[in-house]
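If you read the protein sequences in the order shown, they are chains A and B.
Counting in numbering that gives the first Met the number 0, the first sequence runs from 0 upward without gaps.
Counting in numbering that gives the first Met the number 0, the second sequence runs from 0 upward without gaps.
Note that the Cβ used here is the ideal one computed from N, Cα and C, for glycine as well.
Take a look at the structure below.
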Amino acid sequence: MKGLKSLERFSTLFLVAGLICFLIAFGLLGVWPALMTDKLDNSAGEIKEVPRDFKIYYQSVDEYKKALFLGKQIYIKEACWHCHSQYIRPVGNESPRYGLVSTAGEYQNELNKPHLFGTRRVGPDLIREAGKRTNDWHFAHLYNPKSTEPMSVMPSYTWYFDKSTNPPKPTPEGVALVAYLQSLGAWAADVKRTQFDTNQITMPPEPDF
Amino acid sequence: MKNLVSYPLIKAHLLISILYIMIVVLAGLAYSLQFIDLFPFPHIEFLSPGRIRMVHTQGVAYAWIANIFFALIMYIVPKLTEKRIFSEKLGWFIFYIYNFLVLATVVMILGGYAQALEWGETPKLLDPFISVIVVLFVLNIVAGSIWPARSKPFYVSVWYILAALIWTPLVYVMGNFLPEYVFEGTGGATITSMYIHDLVGLFVTPVGIGMVYYLLPVLMRRPLYSHSLSLIGFWGLAFFYPMNSAHHFLWSPIPMWTQYASIVASVGVHVVVYTVVFNIFATLAADWKRVIDDISLRFIFVGALCYLVTCIQCAIHTTLSVQEIIHFTDWVVGHAHLVLFGTFSFWAFAFIYFILPKLTGVKIFSESLKEWHFWLSTLGIVIMDIGLMCAGLVQGHMWKSLVPFIDTVVASKPYWWVRTLSGVAILVGEICFLINIVMTCLSGWEKSRGKNEGSQESRAF
Ligand code: HEC
Ligand code: HEM
Numbered sequence: 000m001k002g003l004k005s006l007e008r009f010s011t012l013f014l015v016a017g018l019i020c021f022l023i024a025f026g027l028l029g030v031w032p033a034l035m036t037d038k039l040d041n042s043a044g045e046i047k048e049v050p051r052d053f054k055i056y057y058q059s060v061d062e063y064k065k066a067l068f069l070g071k072q073i074y075i076k077e078a079c080w081h082c083h084s085q086y087i088r089p090v091g092n093e094s095p096r097y098g099l100v101s102t103a104g105e106y107q108n109e110l111n112k113p114h115l116f117g118t119r120r121v122g123p124d125l126i127r128e129a130g131k132r133t134n135d136w137h138f139a140h141l142y143n144p145k146s147t148e149p150m151s152v153m154p155s156y157t158w159y160f161d162k163s164t165n166p167p168k169p170t171p172e173g174v175a176l177v178a179y180l181q182s183l184g185a186w187a188a189d190v191k192r193t194q195f196d197t198n199q200i201t202m203p204p205e206p207d208f
Numbered sequence: 000m001k002n003l004v005s006y007p008l009i010k011a012h013l014l015i016s017i018l019y020i021m022i023v024v025l026a027g028l029a030y031s032l033q034f035i036d037l038f039p040f041p042h043i044e045f046l047s048p049g050r051i052r053m054v055h056t057q058g059v060a061y062a063w064i065a066n067i068f069f070a071l072i073m074y075i076v077p078k079l080t081e082k083r084i085f086s087e088k089l090g091w092f093i094f095y096i097y098n099f100l101v102l103a104t105v106v107m108i109l110g111g112y113a114q115a116l117e118w119g120e121t122p123k124l125l126d127p128f129i130s131v132i133v134v135l136f137v138l139n140i141v142a143g144s145i146w147p148a149r150s151k152p153f154y155v156s157v158w159y160i161l162a163a164l165i166w167t168p169l170v171y172v173m174g175n176f177l178p179e180y181v182f183e184g185t186g187g188a189t190i191t192s193m194y195i196h197d198l199v200g201l202f203v204t205p206v207g208i209g210m211v212y213y214l215l216p217v218l219m220r221r222p223l224y225s226h227s228l229s230l231i232g233f234w235g236l237a238f239f240y241p242m243n244s245a246h247h248f249l250w251s252p253i254p255m256w257t258q259y260a261s262i263v264a265s266v267g268v269h270v271v272v273y274t275v276v277f278n279i280f281a282t283l284a285a286d287w288k289r290v291i292d293d294i295s296l297r298f299i300f301v302g303a304l305c306y307l308v309t310c311i312q313c314a315i316h317t318t319l320s321v322q323e324i325i326h327f328t329d330w331v332v333g334h335a336h337l338v339l340f341g342t343f344s345f346w347a348f349a350f351i352y353f354i355l356p357k358l359t360g361v362k363i364f365s366e367s368l369k370e371w372h373f374w375l376s377t378l379g380i381v382i383m384d385i386g387l388m389c390a391g392l393v394q395g396h397m398w399k400s401l402v403p404f405i406d407t408v409v410a411s412k413p414y415w416w417v418r419t420l421s422g423v424a425i426l427v428g429e430i431c432f433l434i435n436i437v438m439t440c441l442s443g444w445e446k447s448r449g450k451n452e453g454s455q456e457s458r459a460f
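Written out as structure tokens, the structure is:
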């Protein structure tokens, strides 16, 4: 028992419990996997041109890129990410519902720093949102979610619209937010559509009651 | 020894933490109203539901839990090591600056400056200041109360608190800076998952358990049931807990081996936790009558029960097959409330009821308010958690069945009503608590003023 007493001393507690245990876990299960995924290639997600639907708002790629970051900033400050996750798991029939399963590489860009994986889905996942809806649908939905989905519990974000016109026009922030939403998984939008047509998605058999 | 503990400083942290828990509960309630279409301020930008949610969760961690834990650390550690904290002035400095930062966090989150990290929504601008304050707090305790007493082995409470004091600044800096500035995407998520878990596991858990290990022998007037169990519990926690991280992002793009390791460690932790829970119950079992009579012991008992349930939940839902269903659902929210309210807040209440008579010099104002607080909180959390667990299962299975998303929202609404109603019960309980504490402080204040006047009069004569 004498040896065990050293477990109750300052130096052991400080060094072994406090520092070593923490650093082992931090290194092994924090930094190491982080370094592994940090090097992955993300050339697929590169933004080379302004998408067609946004040409009326943004003249150059730089402007468009700036808008994406602004949109992300709004997505963060309204905590959209506390109600919408941004990754698709290979289980739970998520691929049939949302689209391609997420891979590590697709998140390796500046726009994902910090990442917005999220841990709660009050609303649907958004990482394959690009192209799923039209811009106008998004504007109507953000202005008043109940207009597109009467039972929705999503808050309305009327302050991203200029209410002096009728119908209200989105402010530059509102447009940037939708640009951001429409960029989520844009690189996979085509893959997703063709896969949906050709891939044999196995639906669960209908139970016969 | 006289003046071993600085009562006014502890009292300041304690009172402000009680103010914060009211705000936290109100924010939670307000946000829960969004889910049943009754949100009270729908078109006010500063009070948009998402921002209120961040105030709710940040308030829990950094306002309520942190303040009450600062108070109890500054009470328990000097009592056990018989050494004063390094500097009382520094303590007051930390009190003012820290609470200013908390206030600034709330204002800035509502103003739209939140950071995109779970549990780390504190604006980027404030993170460095909070880190510095946390380090100062640690130095104040370690340099004053722990280091000078290092020649002897410590009591178990000090192990836990010392470890937590070392972990907390490391965890805070890791979680708030690496995903923001160093690792992007999946790598950042790996670090974030570690942060989400470590904040609860390496700050809240050890301080909470350390406190219970202090209160149990004092209130039961008998030693802990087993010393070796506390040794296993502590070292198991130190070894396994930091490795649990990736279980918050299972089935995500994080490398699969990391996820497997975190699952194994999670099961390890839950075995370790049983030793702690067993130790608590076995100590309480020696004298049930005392447990029933003493509100603090009753809070410890219910808290330990909730802890047991959370840990059983944890072992079950950390497995990949259960994750498939319950991840992203209200099940996890129920789990979070059970552990942070049902366990650690209950234990903090136990500490408050224990310490308040010492701080004020008078008995707790009302016995019946105490009972109301206890029963409403217990009822509230039990109903809320059962409701949320059911909601989680319904949501998970409906998502998997590929029904339109909105149907799953509609199906959840009854459960969200249950959450709000049980939240009202909790709110009423907390109001009873607030009244009781304020009245106790007022009567303590009157008594001491009476004494002072009395002594002045006697001097005049
Ligand atoms: C209280 C939780 C909550 C918050 C906060 C929230 N949403 Fe939603 N969101 C929902 C729910 C529920 C739905 C599903 C019903 C609907 O379509 O409105 C939804 C649906 C959506 C959809 C439609 C997805 C699809 O293709 O069906 C988009 C896009 C969306 N939200 C974007 C946002 C953005 C952007 C924000 C932040 C400004 C946000 N949400 C904040 C709950 C939320
Ligand atoms: C009136 C009582 C309360 C109500 C109605 C309430 C409601 C809520 C709601 C609606 C959420 C968001 C859930 C979601 O994103 O779907 C939440 C999150 C949370 N609440 Fe509360 N809350 C209450 C009290 C408390 C208390 C007292 C604590 C702890 C001391 C607490 C701790 C938490 C935590 C930790 C989360 C984050 C959960 C997660 O992200 O998984 N809550 N609460």
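Whole-Å CB distance - residue i paired with residue j, under 8 angstroms assumed
i, j, result
"M255(B)", "I75(B)", "Not really, about 42 angstroms apart at Cβ, beyond 8 angstroms."
"G184(A)", "N108(A)", "With a Cβ gap of about 12 angstroms, G184(A) and N108(A) do not count as contacting."
"G119(B)", "D37(A)", "Not a contact, Cβ separation roughly 20 angstroms."
"T282(B)", "L215(B)", "5 angstroms"
"D124(A)", "I87(A)", "6 angstroms"
"E48(A)", "V60(A)", "6 angstroms"
"W158(A)", "L115(A)", "So it is not a contact: roughly 21 angstroms between Cβ atoms."
"M5(B)", "E87(B)", "Going by the sequence as given, residue 5(B) is Ser instead of Met. That pair is a contact at about 5 angstroms."
"P178(B)", "P113(A)", "5 angstroms"
"A349(B)", "F298(B)", "4 angstroms"
"C310(B)", "H269(B)", "5 angstroms"
Cross-chain neighbours of residue i in chain A, by beta carbon under 7 angstroms
i, result
"V409(B)", "M150"
"Q33(B)", "V152 and P154"
"A260(B)", "L28"
"A245(B)", "L28"
"V206(B)", "The contacting residues do not exist; V206(B) stays about 14 angstroms from chain A at best."
"I190(B)", "G29 and A33"
"E179(B)", "P113"
Under 8 angstroms by beta carbon: chain B residues contacting residue i
i, result
"F13(A)", "L161 and I165"
"A175(A)", "The contacting residues do not exist; A175(A) stays about 14 angstroms from chain B at best."
"K168(A)", "What K168(A) touches in chain B: nothing, since even the nearest Cβ is about 17 angstroms away."
Where residue i meets chain B, residues with beta-carbon distance less than 9 angstroms
i, result
"N92(A)", "W398, K399, S400 and L401"
"D161(A)", "By Cβ distance, chain B contributes nothing, its closest Cβ being about 14 angstroms from D161(A), past 9 angstroms."
Partner residues on chain B for residue i, Cβ-Cβ distance less than 7 angstroms
i, result
"D52(A)", "Within 7 angstroms Cβ-Cβ: nothing; D52(A) doesn't reach chain B, min ~24 angstroms."
"N7(A)", "The sequence given here has Glu at residue 7(A), not Asn. The answer, in chain order, is P152, F153 and W158."
"N111(A)", "E183 and G184"
"H81(A)", "G49 and R52"
"W158(A)", "E44"
Chain A residues whose Cβ lies nearer than 8 angstroms to that of residue i
i, result
"L238(B)", "Note that residue 238(B) is Phe in the sequence shown, not Leu. Simply C20."
"R149(B)", "R8, F9 and S10"
"M461(B)", "Any answer about residue 461(B) is impossible in this case: the structure gives chain B only from 0 up to 460."
"S251(B)", "Y86, R88, S101 and F116"
"D36(B)", "V152"
"P254(B)", "P32, M35, T36 and A103"
"I145(B)", "F9"
Amino acids of chain A, ordered along the chain, whose beta-carbon sits closer than 9 angstroms to that of residue i
i, result
"H55(B)", "Simply none; closest approach about 10 angstroms."
"G248(B)", "Position check: residue 248(B) holds Phe in this sequence, whereas Gly was assumed. Correct list: Y86, F116 and T118."
Cutoff 8 angstroms: residue i Cβ touching any chain D Cβ
i, result
"S47(B)", "Although the question refers to chain D, the structure presented lacks it and instead comprises the protein chains A and B."
Subject >> Within 9 angstroms of chain A by C-beta, residues of the segment 72-87 of chain B in sequence order >> reply: none
Subject >> Those runs of the beta strand (DSSP E) which lie wholly inside the segment 361-404 of chain B and span at least 3 residues >> reply: Correct list: empty.
Original post:
Of the residues that make up the segment 102-118 of chain B, which ones have a beta carbon closer than 8 angstroms to any beta carbon in chain A?
Top reply: G111, Y112, A113, Q114, A115, L116 and E117
Subject >> Length at least 4, wholly inside the segment 158-200 of chain B: the alpha helix (DSSP H) runs in chain order >> reply: 184-197
Original post:
If you measure beta-carbon to beta-carbon, which residues of the segment 112-124 of chain A are closer than 7 angstroms to chain B?
Top reply: K112, P113, H114, L115, F116, T118, R119, R120 and P123
**OP:** Name, going along the chain, the residues of the segment 205-234 of chain B whose beta-carbon falls closer than 9 angstroms to a beta-carbon of chain A.
**Re:** S227, L230, F233 and W234
Original post:
What are the complete alpha helix (DSSP H) segments, minimum 4 residues, inside the segment 190-249 of chain B?
Top reply: 204-219 and 226-239
Subject >> Selection of the segment 296-327 of chain B by Cβ proximity to chain A, strictly under 9 angstroms >> reply: L319, S320, Q322, E323, I324, H326 and F327
Subject >> Complete runs of the alpha helix (DSSP H) confined to the segment 77-141 of chain A [at least 4 residues] >> reply: Runs of the alpha helix (DSSP H) spanning 4 or more residues and lying entirely within the segment 77-141 of chain A occur at 93-97, in chain order.
Original post:
Which runs of the alpha helix (DSSP H) fall wholly inside the segment 85-155 of chain B and span at least 4 residues, in chain order?
Top reply: 87-109 and 126-140
Original post:
Between the segment 55-71 of chain A and chain B, which residues of the former have a C-beta closer than 9 angstroms to a C-beta of the latter?
Top reply: K71
Original post:
Any residues in the segment 412-426 of chain B with a beta carbon nearer than 7 angstroms to a beta carbon of chain A? Which ones, in chain order?
Top reply: none
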